[in-house]
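Novice: First residue of the sequence shown? That's -18 in my numbering, and the numbers climb one at a time after it. Below are the structure tokens for one structure; questions will follow.
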Amino acid sequence: MTQQASALPQRDVRIIGLVGAAHFASHFFQLVLPPLFPFIRDGLGVSYTQLGVAMAVFYAVSGIGQVAAGFLVDRYGPQRILPVGIALFGLATILAGLAPAYWMLIVVAIVAGLGNCVFHPADFSVMTARVTPSRLARAYSIHTVSGTLGWAAAPVTLLLLNDLLDWRMALIVTGAAGIVFALYVATQHLFLRVAPHEPHAADSARPPQGSPSTAQLLFAAPVVLCFVYFTLLSIAQTGMQSFLPSLMPHVQAITFALATTATTVYLVASATGSLIGGFLADRTSNHERIVGGGLVGAGVLTLALGYIPLALATAFATVAVAGFLTGITIPSRDMLVRSATPAGSTGKIFGFVYSGLDLGAMLAPVAIGLFLDGGQAHLAFAFMAAALIGTITAAFLVKWGTRRAAVRATNI
């Protein structure tokens, strides 16, 4: 027993490390093209609008595909599906480097979207099934931070390779590295294996749910509310991560370069908050309270950025604290989803609710772009703050709905 117990932390570290590395790769490959857009634009003779359409296709395919990927993960196991997703990302990146014309970028977006759609269903299926329940929230937090690091690493890596080679070879080399990594992950199948329909270890505290139909499973009130939660949170996060450099110069006395630096500060603070949030979430079952406290603070600070003139240091501190408070809620968010997930359905439920992130990432640019074009940048901050407040409401409703479902199951 002692040897078995001592082996658990080592096993957990290995599993969390593998899943974290896969999530790093997912976020890294999401951003391999945008840093090279000026060079791709000149090389293929396309417009930024056309490049933006290609990215929209990527997120649309990824969002729709996540639901189907969840069913595949539950049916065939994440150990089979995860390496395929990484390999598709690598293949798409190589095809981008070989693209003779714009039409190939649409093909690249579709292939990359199919690759990206598997990560959240597969990652969360592995963690929920294989990680010791008392460490699960910390596993979720490391998963989040790994993805953030992937976002941060991609622009630096691709621009460096572009300087050393050119944009085409930079993409081909990066894509080849992705395929090599996919092969490595495939060799680690014993650590990623989850038997099809096997009840997850972290599900043991939940009563059996019977065998609901697909529609009953995905459109149960707590699951739909989780989807709404993810969509609203994605609107706020996408706005801050993607548009802060464009928005802040309109509402604060700050240059575009400093606003870009503020975005990096936001991401680093969010990652730090996620790490700390993992420890908090492992020590409580009241995850909705962590979400409420963190996002109320983040919402107030987001409004302050848009409506109150701030000194430079104060503006940076406000951005940092808003990022930290948002990040600290992420592990609790994922624990709320786990609590709403019937045994054996982790892949499909996480696939469905995480598609809300893609929906939010598609909606936010349209709305915030309209505010910017209309000269109403401050309204974009109000829009993001309102999304955060709506997220809090969804979190408490998820908790309420999950408790009701548990009571009904107990009384059956």
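Ideal placement from N, C-alpha and C gives every residue a C-beta, glycine not left out. Note that the structure is predicted; figures quoted are calculated from it, not measured.
Secondary structure at C98, three-state DSSP: helix, strand or coil?
Specialist: Locating residue 98 in the sequence shown gives position 117, where the first residue counts as 1. DSSP places C98 in coil when its eight states are reduced to three.
Novice: Taking Cβ positions, are L152 and A368 nearer each other than 8 Å?
Specialist: For the purposes of this step, residue 152 is identified with residue 171 of the sequence shown, where counting begins at 1. For the purposes of this step, residue 368 is identified with residue 387 of the sequence shown, where counting begins at 1. No, the pair does not count as a contact, with Cβ atoms beyond the cut-off.
Novice: Could you check how far apart the C-beta atoms of T125 and S255 are, in whole angstroms? I think they sit under 8 Å.
Specialist: Residue 125 sits at position 144 when you count from the first residue of the sequence shown. Residue 255 sits at position 274 when you count from the first residue of the sequence shown. About 4 Å separates the two Cβ atoms, so the contact holds.
Novice: Use the C-beta contact count for A294: other C-beta atoms within 10 angstroms, 16 or more gives buried, fewer gives exposed.
Specialist: As a working note, residue 294 is residue 313 in the sequence shown. So A294 ends up on the exposed side.
Novice: So is the beta-carbon of T253 under 7 Å away from any non-hydrogen atom of the ligand FAD?
Specialist: You won't find the ligand FAD in this model; it holds no ligand whatsoever.
Novice: Suppose the cutoff is 6 Å on Cβ atoms and the five residues either side in sequence are ignored; what does the same chain contact list for L228 look like?
Specialist: Translated into positions along the sequence shown, residue 228 becomes position 247. Answer for L228: A358, A361, listed in chain order.
Novice: Name the residue from I75, V99, A77 whose alpha carbon lies nearest to the alpha carbon of V42.
Specialist: Residue mapping note: residue 42 aligns to position 61 of the sequence shown, counting from 1. Nearest option by C-alpha distance: V99.
Novice: Rounded to the nearest angstrom, what separates L95 and V232 at their Cα positions?
Specialist: Indexing the sequence shown from 1 puts residue 95 at position 114. Indexing the sequence shown from 1 puts residue 232 at position 251. Going by the C-alpha atoms only, they are around 39 Å apart.
Novice: Is it buried or exposed, M(-18), if we count other Cβ atoms within 10 angstroms and call 16 or more buried?
Specialist: Translated into positions along the sequence shown, residue -18 becomes position 1. Low confidence applies to M(-18): its pLDDT is 41, below 50, so where it sits in the model is not reliable enough to give any reading.
Novice: With a cut-off of 8 Å, do at least 3 Cβ pairs link the region 70 to 79 to the region 297 to 311?
Specialist: no
Novice: Between F394 and V204, which are expected to be in contact by the criterion C-beta below 8 Å, what is the C-beta distance as a whole number of angstroms?
Specialist: Because residue 394 is not part of the residues shown, which for the chain are -18 to 393, the question remains open.
Novice: Is W84 buried or exposed, if buried means 16 or more other CB atoms sit within 10 Å of its CB?
Specialist: Reading the sequence shown from its first residue, position 103 is the one you call residue 84. With fewer than 16 Cβ atoms within 10 Å of its Cβ, W84 is classed as exposed.
Novice: Excluding five sequence neighbours on each side, which residues of the same chain lie with their C-beta closer than 6 Å to the C-beta of M343?
Specialist: Taking the sequence shown and counting its residues from 1, one reaches residue 343 at position 362. Here the set comprises Y40.
Novice: How big is the Cα-Cα spacing for T168 and G350?
Specialist: Against the sequence shown, residue 168 aligns to sequence position 187. Against the sequence shown, residue 350 aligns to sequence position 369. When rounded, the distance between both Cα atoms is 45 Å.
Novice: Go through its chain and collect everything with a Cβ distance to D(-7)'s Cβ below 6 Å, but skip five positions before and after it.
Specialist: Counted from its first residue, the sequence shown places residue -7 at position 12. Contacts found: V112, T113, R116.
Novice: Does the count of Cβ pairs from the region 258 to 271 and the region 135 to 148 closer than 8 Å reach three?
Specialist: Three or more beta-carbon pairs separated by less than 8 Å are not found between the region 258 to 271 and the region 135 to 148, which leaves the two stretches without contact.
Novice: Identify, in the order they occur along the chain, each residue of the same chain with its Cβ nearer than 6 Å to the Cβ of F10, setting aside the five sequence neighbours on each side.
Specialist: As a working mapping, residue 10 is identified with position 29 in the sequence shown. Cβ neighbours of F10 beyond the five flanking positions: F70.
Novice: Pick helix, strand or coil for D23, following the three-state DSSP scheme.
Specialist: Position 42 of the sequence shown holds residue 23. Of the three classes helix, strand and coil, the one that applies to D23 here is helix, per DSSP.
Novice: Measuring straight from C-alpha to C-alpha, what distance separates A217 and V13?
Specialist: Along the sequence shown, read from residue 1 onward, the residue named residue 217 stands at position 236. Along the sequence shown, read from residue 1 onward, the residue named residue 13 stands at position 32. The alpha-carbon atoms of A217 and V13 are separated by roughly 23 Å.
Novice: If we ignore side chains and look at the alpha-carbon of each, how far apart do T129 and F5 end up?
Specialist: For the purposes of this step, residue 129 is taken as residue 148 along the sequence shown, with counting starting at 1. For the purposes of this step, residue 5 is taken as residue 24 along the sequence shown, with counting starting at 1. Each residue's alpha carbon lies about 7 Å from the other.
Novice: Using the three-state DSSP reduction, which class does R(-5) fall into: helix, strand or coil?
Specialist: Taking the first residue of the sequence shown as position 1, residue -5 is located at position 14. Looking at R(-5) - three-state DSSP - the assignment turns out to be helix.
Novice: What is the rounded straight-line gap between the Cα of V137 and the Cα of V54?
Specialist: Here residue 137 refers to the residue found at position 156 of the sequence shown. Here residue 54 refers to the residue found at position 73 of the sequence shown. For V137 and V54, the distance between alpha carbons rounds to 33 Å.
Novice: By DSSP, does L344 sit in helix, in strand, or in coil?
Specialist: Residue numbering aside, residue 344 sits at position 363 when the sequence shown is read from its first letter. Looking at L344 - three-state DSSP - the assignment turns out to be helix.
Novice: I need the straight-line Cα distance from Q407 to R314, nearest angstrom please.
Specialist: The question about residue 407 has no answer here: the residues shown for the chain are numbered -18 through 393.
Novice: Does the separation of the CB atoms of A90 and A50 fall below 8 Å?
Specialist: In the sequence shown, the residue the question calls residue 90 occupies position 109. In the sequence shown, the residue the question calls residue 50 occupies position 69. No. Outside cutoff.
Novice: Rounded to the nearest angstrom, what separates L140 and L17 at their Cα positions?
Specialist: Counting from 1 along the sequence shown, the entry for residue 140 is found at position 159. Counting from 1 along the sequence shown, the entry for residue 17 is found at position 36. About 7 Å.
Novice: If you drop the 5 nearest sequence neighbours on each side, which residues of the same chain put their C-beta closer than 6 Å to that of I(-3)?
Specialist: Residue mapping note: residue -3 aligns to position 16 of the sequence shown, counting from 1. Same-chain partners within the cutoff: A120, I123.
Novice: Going by other Cβ atoms of all chains shown within 10 Å of its Cβ, with 16 needed for buried, is Y29 buried or exposed?
Specialist: Position 48 of the sequence shown, counted from the start, is the residue given in the question as residue 29. Exposed, by the Cβ-count rule.
Novice: Nearest to T242 by CA position, among G258, Q222, A103, F260, is which residue?
Specialist: Indexing the sequence shown from 1 puts residue 242 at position 261. When only C-alpha atoms are compared, the closest one is Q222.
Novice: Buried or exposed: I289, going by 16 or more other Cβ atoms within 10 Å of its Cβ?
Specialist: Residue numbering aside, residue 289 sits at position 308 when the sequence shown is read from its first letter. Per the 10 Å Cβ criterion, exposed.
Novice: Once the 5 residues before and after M316 are set aside, which same chain residues still bring their CB inside 8 Å of it?
Specialist: Mapped onto the sequence shown, residue 316 falls at position 335. Excluding positions up to five away in sequence, the list reads L117, A118, Y121, A262, H268.
Novice: Confirm, please, whether the CB-CB distance from V48 to S251 is below 8 Å.
Specialist: To locate residue 251, count along the sequence shown from 1; it is residue 270. To locate residue 48, count along the sequence shown from 1; it is residue 67. It is not a contact, given that the beta carbons lie outside the stated cut-off.
Novice: Of the choices G58, T383, K329, F172, whose alpha-carbon is the least far from that of L(-1)?
Specialist: Indexing the sequence shown from 1 puts residue -1 at position 18. Nearest Cα to L(-1) within the set G58, T383, K329, F172: F172.
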